[in-house]
Structures are given as structure tokens and as C-alpha cells.
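Residue numbers (our numbering): 964 to 1138.
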């Protein structure tokens, strides 16, 4: 064995012993890095909607139309909205339907059906919609932006949403 090989072996051994001593001196706890961990992608998992969080979730939506009644029955969420007398915009209904659909099918895991009804302050029905989680088109991508949709004139979206508009003559009387 040559003299150079022995020196290299001794240097490698000394480096290994030094690394072991350094690791022994520096305290390492798995908990010490928890505060510094940051996810690169934050995944927001759907939560179960229920009686304990339903009011908070609906209040957070800040709906344009006034919330009149909410009925939570198993996996069916029924929402009744009241339209102001001076408001007649289809855009308000469209935006509120989108917010309610996102809450029901993206942010929540246990809503299978969303029923929404829009009434006048006197109780006359203006429109009704029926959305179901099992509909193939209900995806987070489809529930992102409805800004170019006119619900009153678009039969494609009326069919998708099972949306019915009532004229004043055919509107059913409130119970």
C-alpha cells in the first residue's frame, strides 16, 4: 500500500467521525421544522355541509338576492331567494346560482342536489332551478365563470340547470 492511499483513508475516516460528532452535537427534532413547512400547492378539501356550518357558509357567499328560507334535508339543499321589487336583473340570479353551485358541489362533499327558487316579495315564483351532483357537466371548471351566460335566453343553460322561468300568468300561487 502506498503512502498516499493511507493518508486519503485517514482523511475520509476523520471526515466521517467529524460528521457524526457534528450531528450528535446539533439537536435535531422532527417538530422543530413544522412551523417553517409551506405547501407549494394548497389543496382545499371539500367539507361536509351541515346544520352546524350551513348559516356561516351561506353568509360567506354574500348573495345578491335576499335569502328567504333554507331547508337542509339529508343531501338535498333547498334555497328560497327573494328578489327586491326594484331589481329584475338576470345577472343577480346567475351569479347567485353560481355561488350556490360552488358551495354545494365544489366546497362541500355531501350535497347531492341543489334546489333554488326565486320569488317576488309578495311570494310569486319568478324562477326555479334544480342542479344535481350526478350531472356530468358539474365540474370545478364549469363552475368557475358564468359571466357570458344569459339564463333567460340561453336554452342550453336552461336545460343544464333545469331552470324554469314563470310568467306572471302561469306562476303557481304561494302556499
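Cβ atoms here follow ideal geometry from the backbone N, Cα and C, with glycine treated the same way. Quick caveat, the model's predicted, so the values are computed rather than measured.
Please report the distance separating the alpha-carbon of residue i from that of residue j.
i	j	result
residue 1115	residue 1012	30 Å
residue 1119	residue 1113	10 Å
residue 1026	residue 1059	6 Å
residue 1029	residue 1055	11 Å
residue 1086	residue 1130	14 Å
residue 1021	residue 1075	17 Å
residue 986	residue 976	16 Å
residue 1108	residue 1127	21 Å
residue 1088	residue 1031	13 Å
residue 1063	residue 1015	18 Å
residue 1122	residue 1023	28 Å
residue 1104	residue 1061	12 Å
residue 974	residue 1009	56 Å
When DSSP labels each residue in this structure, what does residue i get in the three-state scheme?
i	result
residue 1132	The predicted model places residue 1132 with a pLDDT of 49, which falls under 50 and marks its position as unreliable, so this point remains unresolved.
residue 982	helix
residue 1065	helix
residue 1127	strand
residue 1053	helix
residue 1058	helix
residue 1019	helix
Based on the DSSP secondary-structure assignment, which residues constitute the bridge partners of residue i?
i	result
residue 1094	1077
residue 1032	1043
Would you grab the beta carbon distance between residue i and residue j for me? Rounded to a whole angstrom, and I think it's under 8 Å.
i	j	result
residue 1125	residue 1092	6 Å
Kindly confirm or deny that the region 970–981 and the region 1031–1050 touch, where touching means at least three C-beta pairs closer than 8 Å.
-> no
Are the region 1063–1071 and the region 1080–1087 touching by the rule of at least three beta carbon pairs closer than 8 Å?
-> no
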